[in-house]
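Asker: Please find one structure pasted underneath; my questions will follow.
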Amino acid sequence: MYNKTLGDIGEKMAGFVLEREGYYILERNYRWGNHGEIDIVAIKDGIWRIVEVKTRTGIEFGLPCEAVDNLKRKRMEMCFRHFLYNRGLEYSEFRIEIVEIYVNHIKGGII
2 MYNKTLGDIG EKMAGFVLER EGYYILERNY RWGNHGEIDI VAIKDGIWRI VEVKTRTGIE
62 FGLPCEAVDN LKRKRMEMCF RHFLYNRGLE YSEFRIEIVE IYVNHIKGGI I
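In terms of the numbering used here, the sequence shown opens at residue 2 and continues consecutively.
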């Protein structure tokens, strides 16, 4: 449960920061069955942004971005294609972006 709570907090924080930086968020936690998921689908400067949020309390197991390997990127791309298809949109340029969130601790669900 702790990891789920930590991830949810990180995704909320990331969404807040991205919107402040001019991202228009279209979807959060888009899932395509067992094929993959995208934490945030957004547009900025006319370019689709597929955002993976990694939230950690430290780096003892490596940097958060290191958890996004080539297989994860491929799954994100396939999921993005499905996202566009479901909305009747054509495939277009996109970027995969990783947002790293570090928190000190969680107490009672509040950072």
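Cβ coordinates follow ideal geometry from the N, Cα and C atoms, glycine included. Keep in mind the model is a prediction, meaning the values are calculated, not measured.
Give me the residue from Phe17, Val18, Ile41 with the minimum Cα distance to arginine 96.
Answerer: Ile41
Asker: Out of Gly34, Val52, Asp9, Gly37, which one is the CA nearest neighbour of leucine 27?
Answerer: Val52
Asker: Quickly, what does DSSP pair lysine 55 with across the bridge? List them, please.
Answerer: Glu101
Asker: Given glycine 16, which residues of its chain have a CB within under 7 Å of its CB, disregarding the five upstream and five downstream residues?
Answerer: The beta carbon of glycine 16 lies closer than 7 Å to those of Ile26, Arg29, Ile41 in the same chain, with the five residues before and after it left out.
Asker: Spell out the partners DSSP gives arginine 29 in its beta bridges.
Answerer: Ile41
Asker: Have a look at glycine 47 and tyrosine 24 and give me their C-alpha separation to the nearest angstrom.
Answerer: 10 Å
Asker: Tell me, to the nearest whole angstrom, how far the beta carbon of cysteine 66 is from that of isoleucine 99; I am working on the premise that it is less than 8 Å.
Answerer: That belief holds up - the Cβ atoms of cysteine 66 and isoleucine 99 are roughly 5 Å apart, short of 8 Å.
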